[in-house]
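Residue numbers (my numbering): 1477 to 1778.
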Amino acid sequence: MHAKSKHAEQSLFNRLWGTGFMPSDHQGILLRSEEDPVLYLKNPTGVSRSDRRAQLDALAALNQNHYQSYADPEVLSRIQQHEMAYRMQASVPELMDLSHEPNSTFELYGQESRQAGTFAACCLNARRLAERGVRNIQIFHRGWDAHGGLPREHENQCKDVDQACAALITDLKQRGLLEDTLVIWGGEFGRTSYCQGKLTRENYGRDHHPRAFTTWMAGGGIKPGITYGQSDAYGYNLTDREGNVIKPSKHHWTKDTMHVHDLNATILHLLGIDHRKLTYRYQGRDFRLTDIHGHVIEDLIA
1477 MHAKSKHAEQ SLFNRLWGTG FMPSDHQGIL LRSEEDPVLY LKNPTGVSRS
1527 DRRAQLDALA ALNQNHYQSY ADPEVLSRIQ QHEMAYRMQA SVPELMDLSH
1577 EPNSTFELYG QESRQAGTFA ACCLNARRLA ERGVRNIQIF HRGWDAHGGL
1627 PREHENQCKD VDQACAALIT DLKQRGLLED TLVIWGGEFG RTSYCQGKLT
1677 RENYGRDHHP RAFTTWMAGG GIKPGITYGQ SDAYGYNLTD REGNVIKPSK
1727 HHWTKDTMHV HDLNATILHL LGIDHRKLTY RYQGRDFRLT DIHGHVIEDL
1777 IA
């Protein structure tokens, strides 16, 4: 889901999301923040659901014949995509209909949860997706790239997300879903501790900083109420428990710090997957999400 925001511009890179070299049936489905949540959700005028079913059956038969001739796995992916789209025509409208949610739910998530496409509404829909067995749910909230105007922008961003994030965790927990749902909040890197931009009291920013950043997780087997790792007083380098600066490397694992490969290895472990065995062969090589690196951080596991 791509949350809209009255404070931030359209994100630059969501159009680049995809499955890479993996088959296209692994592609996620974007739920849009405005108008129909999924493109072409409704059949054209004059085409009934039974008509659409007959069309898909005929198309699947043609695709199966094509597959028998060429054995291209993308043909099977296309058949599966068509079937998924057909099922979504029935399931997505029911999913996005919040009219049966009680007022107490909207009070929990905040009044913006009544407005389709807001971050709060996306969090509420994430809970509804989890209830329906969807295995992977992502909410993208744009506008955190504050190279300038940080005080104003981050205040607005936090207004969008604070109550809704807390509400999602509370809602999952009270419905008995949190133990089986891993909630992850993070970005692609941290920000510098030193200023960037106009350097005035009201208008300054922070640059990109990959050496130290924070991710939080809840539920799904994570040990609650702890932190792992720390930075120096400037938030620039990571340090060990004695305060000595260390530089975690994907090649040389260091206790007390976490490389991004360690984070991914730990997440996969919590999902019941051995990151060393989750591979996909492409052009003669077995690829892993953790490359040839990564350690499960046992201290984080309940």
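Every residue gets a Cβ at the ideal spot worked out from N, C-alpha and C, and that includes glycine.
Under three-state DSSP, which class holds residue i?
i: A1688; result: coil
i: T1733; result: coil
i: R1667; result: strand
i: D1512; result: coil
i: R1764; result: strand
i: T1581; result: helix
i: S1589; result: helix
i: L1714; result: strand
i: Q1706; result: strand
i: H1771; result: coil
i: A1530; result: helix
Tell me which residues share the same chain as residue i and place their Cβ nearer than 7 Å to its Cβ, disregarding the 5 neighbours each side in the sequence.
i: R1603; result: L1644, D1647 and L1648
i: F1665; result: H1684, H1685, P1686 and F1689
i: L1739; result: T1691
i: L1584; result: A1643, T1646 and D1647
i: H1542; result: V1551
i: K1480; result: S1509, E1510, G1593 and T1594
Got a sec? Which residues, its chain only, sit under 8 Å from residue i by beta carbon, not counting five neighbours each side?
i: G1681; result: A1622, H1623, G1624, G1625, L1626, C1671, Q1672 and G1673
i: Q1556; result: D1501
i: Y1562; result: R1528, R1529 and L1532
i: T1733; result: G1705, L1714, D1716, I1722 and P1724
Drop a sphere of 10 angstroms on the beta-carbon of residue i, count the other beta-carbons inside from all chains shown, and report buried for 16 or more, exposed for fewer.
i: H1617; result: buried
i: H1478; result: buried
i: K1518; result: exposed
i: T1703; result: exposed
i: I1615; result: buried
Closest to residue i by CA distance: which of the options is it?
i: P1700; options: D1716, D1738, T1715 and L1658; result: L1658
i: G1638; options: R1667, G1586, L1654 and A1592; result: The identity of residue 1638 in the sequence shown is Asp, whereas the question assumes Gly. Comparing Cα positions, the closest option is G1586.
i: E1550; options: V1772, Q1503 and L1675; result: Q1503
i: L1744; options: F1582, T1594, E1577 and N1612; result: N1612
i: D1608; options: P1578, R1651 and E1631; result: According to the sequence shown, residue 1608 is Arg rather than Asp. The candidate whose alpha carbon is nearest that of R1608 is R1651.
i: D1573; options: D1512, Y1516, A1537 and D1548; result: D1512
i: V1610; options: Y1712, Y1758, I1773 and M1564; result: M1564
i: I1505; options: H1737, L1515, G1697 and A1534; result: L1515
i: A1534; options: A1547, E1559, T1521 and D1548; result: E1559
i: A1566; options: R1525, L1605, Q1540 and H1630; result: R1525
Which residues in the same chain as residue i place their Cβ atom closer than 6 Å to its Cβ, once the five residues preceding and following it in sequence are excluded?
i: A1596; result: Y1585, G1586, E1588, S1589 and A1640
i: F1763; result: Y1756
i: P1499; result: P1549 and S1553
i: I1660; result: M1693
Return yes when the C-beta of residue i is under 6 Å from any heavy atom of the ligand SAH, and no when it is not.
i: K1635; result: Looking at this structure, you won't find the ligand SAH or any other ligand, since it has none at all.
If you measure from the beta carbon of residue i to each beta carbon in chain B, is any gap under 7 Å?
i: G1496; result: Considering every chain present, this structure includes no chain B. It has just one protein chain.
Subject >> alpha helix (DSSP H) runs wholly inside the region 1596-1676, at least 4 long, in chain order >> reply: 1626-1650
**OP:** With a floor of 4 residues, list each alpha helix (DSSP H) that falls wholly inside the region 1543-1573, ordered by position along the chain.
**Re:** 1549-1572
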